Amino acid sequence: MDTEAAATANSPSEPGPSQPGATTPPPTVWPALAAADPLPLIDFLERAFGFRRVVVIADDDGFVHHAELSWPEGGGIMLGSEKTEGCWRQRSGTFGAYVVCSDPDALYERAKAAGATIRSELTNTDYGSRDFIAADPEGNSWSFGTYRGEPV
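Those letters in the sequence shown? Residues 345 to 496, per my numbering, in order.
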């Protein structure tokens, strides 16, 4: 499929829930990750990618029980300190997410300037997206692009 056809197929005539200008309910899916060193990771996610800190609940020793970061274009993530016991065990550096952004070129430059490891350079995909993949200091993969998903 050529890029123009894919972009047209991904742009319904009326905005769907993930289309700009649509009224959407608050997010009900929150990707969550564990961090070995969450406070510096939160700083990095803000500086490199543009996430916004909403809340951080941490002990005096820096153990983060819960943190929430919003994405300026909608949605967000939750994260906390890595845990070795309990029902919510997750290793740091194993997370991956696709994040919709309207200007991947500018975000790519911002991420590079902040020291993100670029795993995949900016590219135009055969499904109509322009995207790139970067890694944060803990090794988590962040894919940013213009693909908003298929209309439902």
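Glycine is no exception: its CB is placed at the ideal position from the N, C-alpha and C atoms. What you are looking at is a predicted structure, and each value in this text was computed from that prediction instead of being measured.
- Under the three-pair Cβ rule at 8 Å, the region 462-469 does not count as touching the region 367-382.
- Under a 10 Å Cβ-count criterion, Arg396 is classified as exposed, with fewer than 16 other Cβ atoms of the shown protein chains found around its own Cβ.
- As summarised for the region 382-429, the continuous alpha helix (DSSP H) elements at least 4 residues long and confined to that stretch are 382-388, given in chain order.
- Ranked by how close their Cα comes to the Cα of Leu389, the residues Lys427, Ala457, Val496 have Ala457 in first place.
- If you look at Tyr452, you'll find it in the alpha helix (DSSP H) that goes 448-457.
- Collapsing the DSSP output to three states places Glu465 in a strand.
- In this structure, the straight-line span from the alpha carbon of Gly394 to that of Thr469 is close to 23 Å.
- By the Cβ neighbour-count rule, Asp447 is exposed, with fewer than 16 other Cβ atoms within 10 Å of its own.
- Under the 10 Å beta carbon count, Ile401 is surrounded by fewer than 16 other beta carbons and is classified as exposed.
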